[in-house]
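> Next up is a structure, given as structure tokens.
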């Protein structure tokens, strides 16, 4: 048989035995390296269990600690044994105890027989690939790493920093170029024996002994030196997460693994009974004889990494609570905040609903209660209309509301009479679209039937609050899309700004605005403002209103005189 | 975090541990099967009082999940549940007539037992009405999760308390022993939770849900905490501080990501609101053995009198863990 399997084993020996038998049944010679941490008795039992198979032999044991030279030593010893004992072997496949062949072994043998001189080893130069985790890429080779990272992290970091500050560097021996890649390879006898029998091997070994994670670089670098035909990919499907540890496959990945068409997968959870049962008993041809296609698996694992590192925008929950400004999206979706519109137009909310199809709420942050659209007492997610509950965590209320109603545009009214706690949060949110008609809060006062002394006091208070809010919206920290008009400016030509707002909300039902909302009757408003001024309270946010201008809501168009010539 | 505060927390942890050792003397051994425990068994710790009707399903649920051994502290039950537990082959039981309140609501008793028996094990600490749901729990056993946590060097796993309730009056459908309580109480609030950080212990403080909405609409600050860290790779130096809401050392409370990512988390389905609730609330009020002068039970009793209905139009019906993960109540994190 022309393919030999080198297996590195350290736990779940029962599973390793099953897989070794599977390789062996297909006629492949197997050399097993068992980690030195496995105690003598367990090791002997393991060897005895496999003693009925002559093709399976065991190599000299080394201590294989993650990231250290022992793993390379073990691989070298087992590979040498494989090549020496099995003269007919043309390819050596390096696998681990938690690797599982997904396709019938015969298909792998055929595949390799068609490519007799190809070396399958993932190998890329360090400078061009941002794979590494933890900030050590080129320094893996230029520094020395005499202590274990897992057991002695403090000393490890100390040594790295000392070497950095002293400027200590090592040079690659004989001008070889550092390459890295997956630990799991399949090399041709020609390349592998060239590496193992190189007269310079002791030089290389001495160098790599103090390289960080040499199992990902020793063969990868030297294969580049000797091979004439490298396929830079691993035949073993193996995905890594953002910390550089392999993803694990479970029973529920069965269909996914089937569809991957890969030859071998790692790492398999030792208790994944269904996977072992399914793949070790598959009849020939259970999977298509095609090129391996790990794309589908790639997607779900890269999504998992994305979820762990970026998360879902606008979600605040028990295991995602970003610091301020690190939210990667303050809220889940775009929304609009309107200030002064509901005061200036009698039917603004129904009009906006009709024009955009969005959900248009009243004053969500009113001091007495939450005014949801359609007078509802609660909304998606059982968010209550109690002002006390809302004010207990106003920012949380807003982010919850936007998260709960994902998929539906939310609009709400705001004003200086409302709770102002969320002003900064909204201003700093790129999802917010804020439109303000300053001074429009005066309209309800103007139309109210209250004592003028009260009105004056309320107006002064509202003006102060709105002015503070405008300062926030005009600050350089504001990320929201903000539009501010004075009231005088707005009523000059209301259609244009309204059209602009609708266009930005998008999904408008009308291509052109045909019907404008109905403006309240402002006759006498100029005089009202003048009265406030006369009382010493200068309203300035609404812009210039001449006293005389009895602003008619919609001035009636004068008909042209009909001329008879 | 200054050196003094961190030393203060260290002293506090030692204090809780000494207290746990002292309170352990209040426990009387009823059945000790701890000799059967294997070195890699998952352990479950629980205090209970007169929960006999809930226990059969509770044990079945967690046995199926892969829990290897159960530890119970029985607080003066008189419904036969102590005998029932003592007969189970994989349960060790201690009993006590001492004050639940003065054992800091059972925390001291369990800390004491965990210190003695749980070192080096994955430990799940839950109440008889709490049912853990974790990512992929329909296809993978709990051991798959703990193996993955081990491989990722994660020592604690968060599972927020999610209050479940039935539609209609709480006492409409009687609960029978052995029945899945989630079949009756299958509704929950999906999106009205508020979160803030607890600066001294580093944990999140989550409130909200139906209890906040119905029982505490005027005093939201008094609503019960819902954040929990029920699954921990135990070390004898660890101690729960207040229920399973937080632990010391404080690093174990860091179950959330602060830079935008999501860590893996689960949910504890809280099947408290069954027909048994009315009697329980009455009894607990009389005993006054619960947190903050039983303010929670007082508020319940108050509301339950007029309208014992937690359900509302926006309640969500429970389907499975994937639903909870889509709603954003839990996360797969980078487990795939």
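Chains as they are written, first to last, in this note's numbering: chain A, 62 to 626; chain B, 1323 to 1658.
Where a beta carbon is used, it is the ideal one built from N, C-alpha and C, also for glycine.
Note that this is a predicted model, so its numbers are computed, not measured.
In the DSSP assignment, what residue or residues form a beta bridge with residue 1579 of chain B?
Paired residues: A:381.
> What does residue 180 of chain A pair with, by DSSP beta-bridge criteria?
The partner list for residue 180 of chain A (beta bridge, DSSP) reads A:291.
> Restricting to Cα atoms, I'd like to know which of A:261, A:490, A:427 is closest to residue 475 of chain A.
That would be A:427, whose Cα lies nearest to the Cα of residue 475 of chain A.
> In whole angstroms, give me the CA-to-CA distance for residue 80 of chain A and residue 470 of chain A.
Looking at the two C-alpha atoms, the distance is approximately 55 angstroms.
> 8 angstroms is my cut-off, CB to CB: does residue 1540 of chain B come that close to chain A?
Residue 1540 of chain B counts as touching chain A.
> Can we count residue 1587 of chain B as close to the ligand GDP, meaning its CB is less than 7 angstroms from some heavy atom?
As for the ligand GDP, it is missing from this structure, which has no ligand bound.
> State the CB to CB distance for the pair residue 142 of chain A and residue 120 of chain A, rounded to an integer number of angstroms; the pair is presumed to be in contact (CB under 8 angstroms).
Rounded, the Cβ-Cβ distance is 5 angstroms, consistent with contact.
> Does any residue of chain B have a CB that is nearer than 8 angstroms to the CB of residue 615 of chain A?
Residue placement at residue 615 of chain A cannot be trusted, given a pLDDT of 48 that sits under 50; what the coordinates show is reported in the next sentence. Taking Cβ atoms only, chain B never reaches closer than 8 angstroms to residue 615 of chain A, which makes this a no.
> Can you pull the chain A neighbours of residue 1473 of chain B, defined as C-beta to C-beta under 8 angstroms?
Those within 8 angstroms of residue 1473 of chain B in chain A are 306, 309.
> Note down, in chain order, every chain B residue with its Cβ under 8 angstroms from the Cβ of residue 384 of chain A.
In chain order: 1580, 1581.
> Can you list the alpha helix (DSSP H) stretches of 4 or more residues lying completely in the stretch 73 to 125 of chain A, in chain order?
Counting only runs of 4 or more, we get 74 to 86, 101 to 110.
> Tell me which residues of the stretch 349 to 379 of chain A have at least one Cβ-Cβ distance to chain B shorter than 7 angstroms, keeping chain order.
Result list: 361, 362, 365, 366, 368, 369, 370, 371, 372, 373, 376, 377, 378, 379.
> Quick check: the Cα distance between residue 616 of chain A and residue 536 of chain A, rounded to an integer number of angstroms?
The pLDDT assigned to residue 616 of chain A is 48, lower than 50, so where the model puts this residue is not dependable, and the model offers no usable value.
> Tell me whether residue 578 of chain A is buried or exposed, calling it buried when 16 or more other Cβ atoms sit within 10 Å of its Cβ.
Per the 10 Å Cβ criterion, buried.
> Taking only beta-carbon positions, decide if residue 463 of chain A is within less than 8 angstroms of chain B.
It does not: the Cβ of residue 463 of chain A has no partner Cβ on chain B nearer than 8 angstroms.
> Alpha carbon to alpha carbon, how far is residue 383 of chain A from residue 1400 of chain B? Give it in angstroms, no decimals.
Cα to Cα, residue 1400 of chain B sits roughly 47 angstroms from residue 383 of chain A.
> Mind checking if residue 1469 of chain B is an interface residue toward chain A, Cβ cutoff 8 angstroms exclusive?
Judged by the 8 angstroms Cβ criterion, residue 1469 of chain B is in contact with chain A.
> Out of curiosity, what's the CA-to-CA distance linking residue 78 of chain A and residue 206 of chain A?
Approximately 34 angstroms between the Cα atoms of the pair.
> Which value, in whole angstroms, describes the spacing of the CA atoms of residue 1434 of chain B and residue 1348 of chain B?
For residue 1434 of chain B and residue 1348 of chain B, the distance between alpha carbons rounds to 11 angstroms.
> So within the stretch 226 to 287 of chain A, which uninterrupted beta strand (DSSP E) runs reach at least 3 residues, ignoring any that extend past its ends?
You should have 247 to 249.
> May I ask you to list, following chain order, the residues of the stretch 420 to 439 of chain A that have a beta carbon less than 7 angstroms from some beta carbon of chain B?
Taking 7 angstroms as the Cβ-Cβ cut-off against chain B, the residues of the stretch 420 to 439 of chain A that qualify are 439.
> Any C-beta of chain D sitting closer than 8 angstroms to the C-beta of residue 443 of chain A?
In the displayed structure, chain D is absent; the protein chains listed are A and B.
> For residue 1350 of chain B, which residues of its own chain have a beta-carbon under 6 angstroms away from its beta-carbon, when the five flanking residues on both sides are left out?
Once the five neighbours on either side are set aside, the close Cβ partners of residue 1350 of chain B are 1417.
> Could you check whether the Cβ of residue 154 of chain A sits closer than 8 angstroms to any Cβ belonging to chain B?
Output row for residue 154 of chain A: interface = no.
> Taking Cβ positions only, does residue 303 of chain A come closer than 8 angstroms to chain B?
Output row for residue 303 of chain A: interface = yes.
> For chain A, find out if any of its Cβ atoms is closer than 8 angstroms to the Cβ of residue 1340 of chain B; answer yes or no.
So, not an interface residue.
> Is it true that the CB of residue 1441 of chain B sits closer than 8 angstroms to the CB of residue 1558 of chain B?
Taking 8 angstroms as the Cβ cut-off, residue 1558 of chain B and residue 1441 of chain B qualify as a contacting pair.
> Is the shortest distance between the beta-carbon of residue 1641 of chain B and the beta-carbons of chain A less than 8 angstroms?
Not an interface residue.
> Rounding to the nearest angstrom, what Cα-Cα distance links residue 1655 of chain B and residue 251 of chain A in this structure?
Roughly 44 angstroms separates the two Cα atoms.
> Taking the CB atoms as reference points, tell me whether residue 1511 of chain B and residue 415 of chain A lie closer together than 8 angstroms.
No, the Cβ-Cβ distance between residue 1511 of chain B and residue 415 of chain A is not below 8 angstroms.
> I'd like to know whether the C-beta atoms of residue 495 of chain A and residue 542 of chain A end up nearer to each other than 8 angstroms.
Contact flag set, yes.
> Between the Cα of residue 1358 of chain B and the Cα atoms of B:1405, B:1383, B:1413, which residue gives the shortest distance?
With distances taken between Cα atoms, residue 1358 of chain B lies closest to B:1413.
> Give, in chain order, every residue of the stretch 313 to 329 of chain A whose Cβ lies closer than 7 angstroms to some Cβ of chain B.
Under the 7 angstroms Cβ criterion, the stretch 313 to 329 of chain A contributes 313.
> Express the C-alpha separation of residue 237 of chain A and residue 145 of chain A in angstroms, rounding to a whole number.
Answer to the nearest angstrom: the Cα atoms are 27 angstroms apart.
> Using a threshold of 8 angstroms, state whether the C-beta atoms of residue 1531 of chain B and residue 1485 of chain B are closer than that.
Going by C-beta atoms, residue 1531 of chain B is nearer than 8 angstroms to residue 1485 of chain B.
> So, for residue 1334 of chain B: in the same chain, excluding its five sequence neighbours on each side, which residues have a beta-carbon less than 7 angstroms away from its beta-carbon?
The answer, listed in chain order, is 1570.
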